[in-house]
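S.K.: Pasting in a structure now, in structure tokens, and then I'll have a few things to ask.
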Amino acid sequence: MSGGTDYDIFISYTHEDTGIAKRLADDLAAQGWTVFWDRVLLPGSTWRSQIQSALVSAKVVVVLWSQRSVVSRWVEIEADHAFQRDAYLPATIDKAPLPLGLGHVQVADLREWHADPSAPIPDVLMSALRLRLGRPNLPPVPLPRPAPSTAPSVIADATVVAKEGIISLTGTGSDGSKYELSVRLSQLRMKPAGLVIGRQAGHADLVLADASVSRRHAMLKSSDGQITVYDLGSTNGTFVDNKPALAERPLGLVRGSVMRLGEVELIVQGVLH
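The sequence shown begins at 1 in UniProt numbering and counts up one residue at a time.
This is the structure:
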């Protein structure tokens, strides 16, 4: 995260609700929005200046109200600041009464979402965010296209190749465990939002069962001949050739690219047909 970044969403929460905030941040980042939620201090920054910069620049401030956060002075300050500039979007994860002056705004009820780890973000929150932010629009990152071959081929249509090809990624974890992902490009095309790479089946389309990989770690996406990856707010980050792949700056994959998720390094072996 950069101190100069203008975020779409700032999540305000108390320390005791960190796990819930991370899950919400992962889910929102998966939609393509930029999200500030963690409290990791960046080099050259102070905690207060970093939080204040993100709070002021965010277009929407989602406040997670709970029995724990309603007694947090910092959460109340952040909520009040957001309310004053009309960026306040309250959400509740339990039955806690909201602080005086902050409870008369329509609240997004996340109690069922909180109770069910597999549940998607409720429509009431998604609708409120789209109303304020519009639909997210990730910038495309072009993949270098191979030079056209002069040799005769039984498949001359690039669309057919894209539909039938398989991306192969192989590598190891820090403990030497071997991992392999095989992704059909037709699978990517059938899911325009992208395929989630993560540690846990049921939460991810492509599973890397390594402890350093988050439950929903990264998003692999294909569009108009471009294949990109970006992080979903994971704990240990997503990198391509040592460059961070962020939701606001996805990176392209080509043959030989090294994609690192947590401590797992995968090399793109190319597209097989």
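Ideal Cβ placement from N, Cα and C applies to all residues, glycine included.
Please read all numbers here as calculations on a predicted model, not as lab measurements.
Between VAL229 and PRO244, is the Cβ-Cβ spacing less than 8 angstroms?
M.R.: No, these two residues do not count as a Cβ contact at 8 angstroms.
S.K.: What does DSSP give as the partner residues of GLY173 in its beta bridges?
M.R.: DSSP, once it has assigned bridges, lists no residue as partnering GLY173.
S.K.: Between the Cα of PRO120 and the Cα atoms of LEU185, ARG23, TYR88, GLY134, which residue gives the shortest distance?
M.R.: It is ARG23 whose Cα lies nearest to the Cα of PRO120.
S.K.: Answer yes or no: the CB of SER127 versus the heavy atoms of the ligand COA, is any distance below 7 angstroms?
M.R.: In the structure on display, the ligand COA does not appear, and there are no ligands present to speak of.
S.K.: By how many angstroms is the C-alpha of HIS217 removed from the C-alpha of THR172?
M.R.: Spanning the two alpha carbons is a distance of roughly 17 angstroms.
S.K.: Only counting the same chain, and skipping five residues up and downstream in sequence, which positions put a Cβ closer than 6 angstroms to that of GLY19?
M.R.: So no residue of the chain qualifies.
S.K.: Express the C-alpha separation of GLY262 and GLY252 in angstroms, rounding to a whole number.
M.R.: Spanning the two alpha carbons is a distance of roughly 18 angstroms.
S.K.: Could you spell out the range, first to last residue, of the alpha helix (DSSP H) harbouring ASP17?
M.R.: It is not in any alpha helix (DSSP H) - ASP17 carries neither H nor E in the DSSP assignment.
S.K.: Using a Cβ-Cβ cutoff of less than 6 angstroms, which residues in the same chain neighbour HIS203 once the five nearest sequence positions on both sides are dropped?
M.R.: Contacts found: ARG215, ARG216.
S.K.: For GLU248, name the three-state secondary structure that DSSP assigns.
M.R.: Coil at GLU248, not helix or strand.
S.K.: Quick one: grab the DSSP three-state call for ILE167.
M.R.: Strand, per DSSP.
S.K.: Using beta-carbon positions only, say whether VAL183 and LEU208 come within less than 8 angstroms of one another.
M.R.: No.
S.K.: Is the distance from the Cβ of GLY194 to the Cβ of LEU169 below 8 angstroms?
M.R.: Their beta carbons are not under 8 angstroms apart, which means GLY194 does not touch LEU169 by this criterion.
S.K.: Measuring CA to CA, which of LEU100, ASP27, ALA87 is closest to VAL71?
M.R.: Cα-wise, what sits closest to VAL71 is LEU100.
S.K.: Looking at the secondary structure, which residues open and close the alpha helix (DSSP H) in which LEU133 lies?
M.R.: Counting along the chain, the alpha helix (DSSP H) containing LEU133 begins and ends at 123-133.
S.K.: Between the alpha carbons of MET126 and ILE166, how many angstroms are there, rounded?
M.R.: Whole-angstrom Cα-Cα distance: 33 angstroms.
S.K.: So for LYS22, helix, strand or coil by DSSP?
M.R.: Helix, per DSSP.
S.K.: Measuring alpha carbon to alpha carbon, tell me which of SER118, THR92, GLY176, HIS114 ends up nearest GLN106.
M.R.: For the residues SER118, THR92, GLY176, HIS114, the minimum Cα distance to GLN106 belongs to THR92.
S.K.: According to DSSP, is GLU263 part of a helix, a strand, or is it coil?
M.R.: Correct three-state label for GLU263: coil.
S.K.: Would DSSP call ALA209 helix, strand or coil?
M.R.: Reduced to three states, the DSSP call for ALA209 is coil.
S.K.: Quick check on the burial criterion: 16 or more other C-beta atoms within 10 angstroms. Buried or exposed for ASP210?
M.R.: So ASP210 counts as buried.
S.K.: Could you name the residues of the same chain whose beta carbon sits closer than 6 angstroms to that of PHE239, not counting the 5 residues immediately before and after it, in chain order?
M.R.: Contacts found: ARG260.
S.K.: Hey, how far is the Cα of ILE267 from the Cα of ILE227?
M.R.: ILE267 and ILE227: Cα-Cα distance of roughly 14 angstroms.
S.K.: In three-state DSSP terms, what is SER96?
M.R.: The residue you asked about is not Ser; residue 96 is Ala in the sequence shown. In this structure, ALA96 counts as coil in the three-state DSSP scheme.
S.K.: Give me the residue from ILE9, GLN200, VAL213, ARG130 with the minimum Cα distance to residue 323.
M.R.: The structure shown does not extend to residue 323, since the chain is modelled only from 1 through 273, so no value can be given for it.
S.K.: Alpha carbon to alpha carbon, how far is PHE83 from GLU76?
M.R.: Straight-line Cα distance between these residues: approximately 10 angstroms.
S.K.: With a cut-off of 8 angstroms on the beta carbons, I'd call SER12 and ALA108 a contact; round off their distance for me.
M.R.: With a Cβ gap of about 13 angstroms, SER12 and ALA108 do not count as contacting.
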